[in-house]
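S.K.: The opening position of the sequence shown corresponds to residue 2 in our numbering, with each subsequent residue numbered one higher. No residue lacks a Cβ here, since even glycine has one placed at the ideal position from N, Cα and C. Predicted, not measured: the structure shown is a model, and the values here were computed from it. So that we are looking at the same thing, I have put the structure below in structure tokens.
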Amino acid sequence: MILGRLENKVAIVTGSAAGIGKEIAFSYAKEGAKVVIADFNEEALQQTVKELKELGKEAIGVKVNIANEEDISIMVEDTVKAFGKVDILVNNAGVGDNMQAAANVKDETWERVMNINVTGVMRALRKVIPVFIENGGGTIVNMASIAGLTGGRGGLAYTAAKHAVVGITKNIASQYGPQNIRCNAIAPAHVQTNFAASMTNVDEFGMKIATRGVNLMPKAGTTQDIANIALFLASDESAYINGVAIAADAGWSAY
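This is the structure:
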């Protein structure tokens, strides 16, 4: 049953052609939001837009390399051009680091992870916050990771980047909360997507150490599990929540 929790809202979801981002986009659309599918994979993003339109939802697609500032500007400008405003930004796009431990970190891996997972988030925020202020407010959902709340569940670059995302989340909430802008993060553990399966040249030492406690995780999450949290954080039901990173790991990090 459609409850219309995001009726008349406009949402940009980065990395939304597949996986968690796609599930979030569909969940938002089902609740009445107009959705912008922003992704690097043009073929997949157009297919996602097509699927949304077949369900009678309003959606557009924008090809975006989140590490490219010009692409981010176009993403926000195209959204405003198509729908007149932006109410919600989901910074979901991100890459892994092949579980590289500190002694094995490659410069190119570090730079790629930081450019996409941290600088890309910063630039998207820098572009959208003035639009939010003009509109009288807005909501941001950042995709962190359980590696952003703990130390040993990822490679060095990814762990550092996701800690940065959690810090960014708190900073935005603190500085812009008085202007009716909320910023929260989701910190998932293992979720059933192709993210881990697509890793190549994995650091065997880093992987072994980072996954040594996985048997303590009660179960893996689904993309819908994460989308449900993203929907709650984007809706007025979470109006009193700001600057929080929610662990979505079935209690794994509580051990």
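If you run the structure through DSSP and keep just helix, strand and coil, what is L234?
M.R.: In the sequence shown, counting from the first residue as 1, residue 234 sits at position 233. It is helical.
S.K.: Over the uninterrupted beta strand (DSSP E) stretch that includes T140, give me the two end residues.
M.R.: Your numbering for residue 140 matches position 139 in the sequence shown. Looking at the DSSP string, the run of the beta strand (DSSP E) that includes T140 is G139 to M144.
S.K.: Looking at C-beta atoms only, is the number of pairs between the stretch 106–124 and the stretch 217–224 that lie closer than 8 Å three or more?
M.R.: Result no; under three Cβ-Cβ pairs closer than 8 Å.
S.K.: Using only alpha-carbon positions, find the residue among G5, V36 and H191 that is nearest to T15.
M.R.: Taking the sequence shown and counting its residues from 1, the one referred to as residue 15 is at position 14. Closest option to T15, Cα to Cα, is V36.
S.K.: Note the first and the last residue of the continuous beta strand (DSSP E) segment covering I257.
M.R.: Any question about residue 257 goes unanswered here, given that the chain covers just 2 to 256.
S.K.: Between which residues of its own chain and Q193 is the CB-CB distance below 8 Å, once the five residues before and five after are set aside?
M.R.: By 1-based counting over the sequence shown, the position of residue 193 is 192. These residues qualify, in order along the chain: A221, G222, T223 and T224.
S.K.: Quick one, which of S28, I73 and F27 has its alpha-carbon nearest D40's?
M.R.: Here residue 40 corresponds to residue number 39 of the sequence shown, with the count starting at 1. For the residues S28, I73 and F27, the minimum Cα distance to D40 belongs to I73.
S.K.: Starting from the Cα of V245, find the closest Cα among E24, N116 and G178 and give me that residue.
M.R.: To locate residue 245, count along the sequence shown from 1; it is residue 244. For V245, the nearest C-alpha among the options comes from G178.
S.K.: Looking at the secondary structure, which residues open and close the alpha helix (DSSP H) in which A251 lies?
M.R.: Along the sequence shown, read from residue 1 onward, the residue named residue 251 stands at position 250. Where A251 is concerned, there is no enclosing alpha helix (DSSP H), given that its DSSP letter is neither H nor E.
S.K.: Please confirm whether N202 and N99 have their CB atoms less than 7 Å apart.
M.R.: By 1-based counting over the sequence shown, the position of residue 202 is 201. By 1-based counting over the sequence shown, the position of residue 99 is 98. In contact: N202 and N99 (Cβ atoms closer than 7 Å).
S.K.: Along the chain, where does the alpha helix (DSSP H) containing A174 start, and where does it finish?
M.R.: Position 173 of the sequence shown holds residue 174. Its alpha helix (DSSP H) spans residues L157 to Y177.
S.K.: Drop a sphere of 10 angstroms on the beta-carbon of Q180, count the other beta-carbons inside from all chains shown, and report buried for 16 or more, exposed for fewer.
M.R.: In the sequence shown, residue 180 corresponds to position 179, counting from 1. Looking at its Cβ environment, which holds fewer than 16 other Cβ atoms inside 10 Å, Q180 is exposed.
S.K.: Can you check whether the C-beta of A60 is within less than 7 Å of a C-beta belonging to chain B?
M.R.: Considering every chain present, this structure includes no chain B. It has just one protein chain.
S.K.: Leaving out the 5 sequence neighbours to the left and right, which residues in its chain are closer than 6 Å to I141 when beta-carbon positions are compared?
M.R.: Here residue 141 corresponds to residue number 140 of the sequence shown, with the count starting at 1. Excluding positions up to five away in sequence, the list reads L90 and C184.
S.K.: Which of helix, strand or coil does DSSP assign to P189?
M.R.: Walking along the sequence shown from the start, residue 189 turns up at place 188. The answer is strand: DSSP assigns P189 an E or B state.
S.K.: Going by DSSP, what residues sit across from T1 in a beta bridge?
M.R.: Residue 1 is absent from the model: the chain starts at 2 and stops at 256.
S.K.: Decide if S175 is buried, meaning its Cβ has at least 16 other Cβ atoms within 10 Å, or exposed.
M.R.: In the sequence shown, residue 175 corresponds to position 174, counting from 1. Flag for S175 reads exposed.
S.K.: Is K82 buried or exposed, if buried means 16 or more other CB atoms sit within 10 Å of its CB?
M.R.: Along the sequence shown, one-based indexing puts residue 82 at 81. Result: exposed.
S.K.: Could you work out which residue in A30, K209 and I173 is closest to G156 when comparing CA atoms only?
M.R.: The residue labelled residue 156 in the question sits at position 155 within the sequence shown. Of the candidates A30, K209 and I173, the one whose C-alpha sits nearest the C-alpha of G156 is K209.
S.K.: Measure how close the beta-carbons of T110 and A68 come, nearest whole angstrom, since I'm counting them as under 8 Å.
M.R.: Along the sequence shown, read from residue 1 onward, the residue named residue 110 stands at position 109. Along the sequence shown, read from residue 1 onward, the residue named residue 68 stands at position 67. The pair is not a contact, with the Cβ atoms about 14 Å apart (cut-off 8 Å).
S.K.: Tell me whether the beta-carbon of A231 lies closer than 7 Å to the beta-carbon of I38.
M.R.: Here residue 231 is taken as the residue at index 230 of the sequence shown, counted from 1. Here residue 38 is taken as the residue at index 37 of the sequence shown, counted from 1. No.
S.K.: Between T170, K64, A158 and G97, which has its C-alpha nearest E44's C-alpha?
M.R.: Reading the sequence shown from its first residue, position 43 is the one you call residue 44. Of the listed residues, the one whose Cα sits closest to E44 is K64.
S.K.: Using 7 Å as the threshold, is the C-beta distance between L150 and A188 below it?
M.R.: Translated into positions along the sequence shown, residue 150 becomes position 149. Translated into positions along the sequence shown, residue 188 becomes position 187. Result yes, Cβ atoms of L150 and A188 sit closer than 7 Å.
S.K.: So, with DSSP's three-state summary, where would you put A102?
M.R.: Numbered from its first residue, the sequence shown carries residue 102 at position 101. Of the three classes helix, strand and coil, the one that applies to A102 here is coil, per DSSP.
S.K.: Does the beta carbon of G22 fall short of 6 Å from some heavy atom of the ligand NAP?
M.R.: Absence of the ligand NAP is noted for the structure shown, with no ligands found whatsoever.
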